[in-house]
Amino acid sequence: MGQQLRLAWRSIWRQGRRTAITVFVITFGLILIIILTTLEEGVIRSVIDSGARLQAGHVTIEHEDYRLAPSVSLSVPDAENLAAELSGLPQVQTAKLIVSGEGVARSGAGAFGVLIAGVVPELERETSPLAENIVEGEYLAPDDPKRIVIGTVLAERLRLKPGKKLVIATNDADGELVERLYRVKGIFRTGTDEVDGALIHMQLDAARDLFNLPDGSATQIGLVMKNLDRLASFLPLVEKSLGGNSDLAVHPWQTIMPGVAGYVVVERTSYLIMEGFLIAMVSFTILNTLLMSVTERKKEFATILALGGRGSNLRLQVFFEAGLIAILGILIGGVLGGAVAYYYSVNGLDLATFVPGGEVEISGISVDSTIYPMFTARLMSLICGSILVVTLVLSLIPISRVTRLSIANLLR
Amino acid sequence: MSAIVETRNLTKTFGKGDIAVHALRGVNLTINPGEFTAMAGPSGSGKSTLLNMIGCLDRPTSGEVFIEGIATQKLRPMALSDLRRDRIGFVFQSFNLIPVMTALENAEYILMLQGKPVKERRERVRDLFEQIGLGGMESRFPNQLSGGQQQRVSIARAVVAEPALVLADEPTANVDSETGMALIDLMLQLNEQRNVTFLISTHDSTVMDRAHRLIRMRDGQIDGA
Chain H
10 MGQQLRLAWR
20 SIWRQGRRTA
30 ITVFVITFGL
40 ILIIILTTLE
50 EGVIRSVIDS
60 GARLQAGHVT
70 IEHEDYRLAP
80 SVSLSVPDAE
90 NLAAELSGLP
100 QVQTAKLIVS
110 GEGVARSGAG
120 AFGVLIAGVV
130 PELERETSPL
140 AENIVEGEYL
150 APDDPKRIVI
160 GTVLAERLRL
170 KPGKKLVIAT
180 NDADGELVER
190 LYRVKGIFRT
200 GTDEVDGALI
210 HMQLDAARDL
220 FNLPDGSATQ
230 IGLVMKNLDR
240 LASFLPLVEK
250 SLGGNSDLAV
260 HPWQTIMPGV
270 AGYVVVERTS
280 YLIMEGFLIA
290 MVSFTILNTL
300 LMSVTERKKE
310 FATILALGGR
320 GSNLRLQVFF
330 EAGLIAILGI
340 LIGGVLGGAV
350 AYYYSVNGLD
360 LATFVPGGEV
370 EISGISVDST
380 IYPMFTARLM
390 SLICGSILVV
400 TLVLSLIPIS
410 RVTRLSIANL
420 LR
Chain U
237 MSAIVETRNL
247 TKTFGKGDIA
257 VHALRGVNLT
267 INPGEFTAMA
277 GPSGSGKSTL
287 LNMIGCLDRP
297 TSGEVFIEGI
307 ATQKLRPMAL
317 SDLRRDRIGF
327 VFQSFNLIPV
337 MTALENAEYI
347 LMLQGKPVKE
357 RRERVRDLFE
367 QIGLGGMESR
377 FPNQLSGGQQ
387 QRVSIARAVV
397 AEPALVLADE
407 PTANVDSETG
417 MALIDLMLQL
427 NEQRNVTFLI
437 STHDSTVMDR
447 AHRLIRMRDG
457 QIDGA
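Keeping their order, the protein sequence lines are chains H and U. Take 10 as the starting number for the first sequence in the numbering used here and just add one per residue. Take 237 as the starting number for the second sequence in the numbering used here and just add one per residue.
1. Is the CB of Thr-312/H under 8 Å away from at least one CB in chain U?
2. According to DSSP, what are the bridge partners of Leu-106/H?
3. List the residues that DSSP assigns as beta-bridge partners of Asp-445/U.
4. Note down, in chain order, every chain H residue with its Cβ under 9 Å from the Cβ of Val-395/U.
5. Looking at C-alpha atoms only, which residue of Ala-418/U, Leu-311/U and Val-336/U is the closest neighbour of Pro-378/U?
6. Mind pulling the alpha helix (DSSP H) runs of 4 or more residues that sit fully within the stretch 321 to 388 of chain U?
7. Taking the alpha carbon of Leu-286/U as the reference point, which residue from Ala-259/U, Thr-408/U, Ser-279/U and His-439/U has its own alpha carbon closest?
8. Does Phe-326/U get closer than 8 Å to chain H when you measure Cβ to Cβ?
9. Am I right that Val-8/H and Leu-244/H are in contact with their C-beta atoms under 8 Å? What's the rounded C-beta distance?
10. Scan the stretch 16 to 34 of chain H for residues whose Cβ lies nearer than 8 Å to a Cβ of chain U and list them as they occur along the chain.
11. So the candidates are Phe-37/H, Thr-31/H and Leu-420/H; which of them puts its Cα closest to the Cα of Leu-287/H?
12. Do we get a CB-CB distance below 8 Å when we pair Gln-12/H with the residues of chain U?
13. Return the residues of the stretch 339 to 361 of chain U that lie within a Cβ-Cβ distance of less than 7 Å from chain H, sorted by chain order.
14. Please name the residue, chosen from Asp-183/H, Asn-254/H, Leu-98/H and Val-355/H, that lies closest to Leu-232/H on a Cα-to-Cα basis.
15. Let me see if you follow: with CB-CB separation under 8 Å, is Pro-335/U close to chain H or not?
16. How would you write the range of the beta strand (DSSP E) that Glu-145/H sits in, first residue to last?
17. Would you check if the stretch 306 to 321 of chain U and the stretch 379 to 395 of chain U touch, i.e. whether three or more CB-CB distances between them fall below 8 Å?
18. What's the call for His-448/U, buried or exposed, on a 16-neighbour Cβ count within 10 Å?
19. Within 8 Å of any Cβ in chain H, is that where the Cβ of Gly-317/U sits?
20. Checking contacts by CB at 8 Å: is Asn-288/U closer than that to chain H?
21. Is there a C-beta anywhere in chain H that falls below 8 Å from the one on Leu-311/U?
22. Nearest by alpha-carbon distance to Met-234/H: which of Val-113/H, Ala-104/H, Glu-276/H and Thr-294/H is it?
23. Rounded to whole angstroms, what's the CA-CA distance from Gln-309/U to Arg-295/U? Just pull it up for me.
24. With Arg-324/H and Ile-408/H assumed to form a contact (beta carbons below 8 Å), what rounded beta-carbon distance in angstroms separates them?
25. Can you tell me which of Arg-156/H, Pro-267/H, Ala-17/H and Thr-412/H puts its alpha carbon nearest to the alpha carbon of Asp-214/H?
26. For the candidate residues Ala-92/H, Ser-321/H, Lys-307/H and Leu-175/H, whose alpha-carbon lies nearest to that of Leu-251/H?
27. Going by other Cβ atoms of all chains shown within 10 Å of its Cβ, with 16 needed for buried, is Asn-307/U buried or exposed?
28. For Ser-284/U and chain H, any beta-carbon pair shorter than 8 Å?
This is the structure:
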């Protein structure tokens with residue numbers, strides 16, 4: 010085996026220039042694939058993360074009927090204790106409590122439908138992009154029961170500034186019509202009109218009071234995960250933690266944000282198609298090299314067979330040659346592409362020049378123009394492994410030619 | 237003493253119908269152990285085809301080939317491969333050394349295929365190289381050797397595993413006459429000292445003159461022996 014590996018190594022350098030060109034193509038293709046994949050996955054992860062942090066986390070626990078007919082009457086009664094228990098799971102960064110309901114915001118300038126979110130301000134400051142995007146005034150503090158923050162679009166529609174008052178009218182959990190007066194503490198801008206024109210943040214207790222919900226309850230518990238890659242194994246753990254409470258349902262982000270889930274599928278499909286073309290380009294180069302190499306050496310292979318070598322010896326050698334060329338290209342391409350991806354995953358790639366206003370909206374979620382490519386060992390292994398597997402599978406074509414040699418004809 | 241090679245009514249036809257070429261037409265031949273036999277004849281007379289049949293590199297159209305009493309036409313490809321590896325050595329006109337192997341690696345290749353330990357392989361090849369004047373050239377690659385040296389390596393590869401028979405197809409055709417003479421000396425030396433049986437296809441009159449036995453072929457048949 011060692012001897013054949015050594016011979017394979019020497020064989021690939023018999024046509025050094027051709028091997029170098031093949032390795033270069035693999036390297037170049039791999040760098041492109043790594044950058045493309047990590048960048049796209051970075052954007053996808055950023056959209057999912059921004060949406061999950063702005064809304065109800067990567068995993069949401071709510072009343073089983075809430076998704077079909079969202080209503081404050083379908084709340085989770087013991088949400089506070091449950092959230093405290095779930096926040097102890099190692100995968101959980103934060104367990105958010107949210108009271109979410111609809112209403113009408115009214116000022117002297119008019120009235121508009123709004124989405125009211127009762128939140129814990131300290132947690133939102135840690136996790137939500139909304140708290141970071143206050144353009145006027147300040148975000149909520151724990152002792153702000155009569156204050157709210159609104160988006161720039163709503164502020165403009167209702168002609169409100171920080172310190173100004175507005176009335177919110179809604180139906181409480183018992184179906185009674187209620188009205189409360191609040192003062193604007195801050196104005197945020199996410200860049201998404203749907204959010205900036207409708208979302209209102211208020212303190213959790215204030216929302217419970219508005220909707221007449223009992224202490225400790227919430228309409229949703231949102232779990233923000235430390236590592237989204239572990240979502241599949243995390244969901245059963247959460248369900249187990251609910252202890253058979255059949256009134257509650259556990260939803261992954263795909264259910265909570267179907268628009269984002271659709272975007273992710275489309276985005277991944279499109280970049281996988283592009284990568285498919287790149288891999289095909291690389292593959293044909295490798296195949297061409299291997300076929301030429303085998304065709305040139307038919308007499309040599311026939312000699313080996315004449316001397317008593319087995320077809321398996323030749324097949325293994327061609328397989329090793331393909332593998333060595335692939336590994337060489339993967340090593341160089343992986344290191345260079347990985348280094349570029351890693352650098353930008355730490356420092357970010359600012360695409361502000363190409364993004365007017367510095368922000369882009371994807372599926373109703375604002376994403377910053379600075380992209381952080383997703384550099385993970387798993388993703389890198391997947392990309393490099395794909396190239397290796399494709400190469401080794403392609404090597405079966407020249408290998409099949411080696412086994413069909415006519416010794417007598419070739420040695421004539 | 238049983239024959240190393242025996243062919244019975246051996247025929248080989250290439251192609252069919254009007255374009256059929258009858259390369260061998262009922263060849264009966266016996267080669268005994270220790271013989272140094274030259275096979276001569278014009279181009280197209282069937283020398284190489286006969287060597288291919290005896291070397292189990294090709295199947296006859298009809299007839300039988302026995303190597304040390306084994307009927308080769310009944311053997312499966314893998315058994316033929318083992319027979320070639322263990323009992324037959326080959327020397328080719330164009331040397332056919334593997335370019336990415338050193339002289340030593342080329343010579344020990346069959347021993348490697350036989351699964352012999354590295355130490356034994358190296359010792360046997362080094363001893364043989366000393367005997368045939370290749371000492372010190374073990375680590376050279378074929379392109380660093382002259383034609384004569386390459387053919388010596390080829391001969392070493394053919395005899396190192398102590399086969400019953402060495403088939404040489406025009407071994408002196410690609411070297412100058414002086415080198416050709418030296419190669420004949422070497423093969424005769426191996427024949428005498430190691431009792432290696434040689435069957436050599438040739439156009440070289442020097443080889444014919446020095447062979448113990450001369451077979452003449454014409455139109456796919458043995459014309460005289």
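C-beta atoms are modelled at their ideal positions from N, C-alpha and C, and glycine is treated no differently.
Inspection of the coordinates gives the following:
1. yes
2. Ile-230/H
3. According to DSSP, which records beta bridges pairwise, Asp-445/U is partnered with nothing at all.
4. Under the 9 Å cutoff, chain H gives no residues; its nearest Cβ is about 12 Å from Val-395/U.
5. Val-336/U
6. 339 to 349 and 354 to 367
7. Ala-259/U
8. yes
9. Residue 8/H lies beyond the stretch modelled for chain H, which goes from 10 to 421, so this question has no answer here.
10. Leu-16, Arg-19, Ser-20 and Arg-23
11. Phe-37/H
12. yes
13. Tyr-345, Ile-346, Met-348 and Leu-349
14. Leu-98/H
15. yes
16. 143 to 146
17. no
18. exposed
19. What sits at residue 317/U in the sequence shown is Ser, not Gly. At least one chain H Cβ lies under 8 Å of Ser-317/U.
20. yes
21. no
22. Ala-104/H
23. 7 Å
24. 5 Å
25. Arg-156/H
26. Ala-92/H
27. The sequence given here places Ala at residue 307/U; Asn does not occur at that position. Result: exposed.
28. yes
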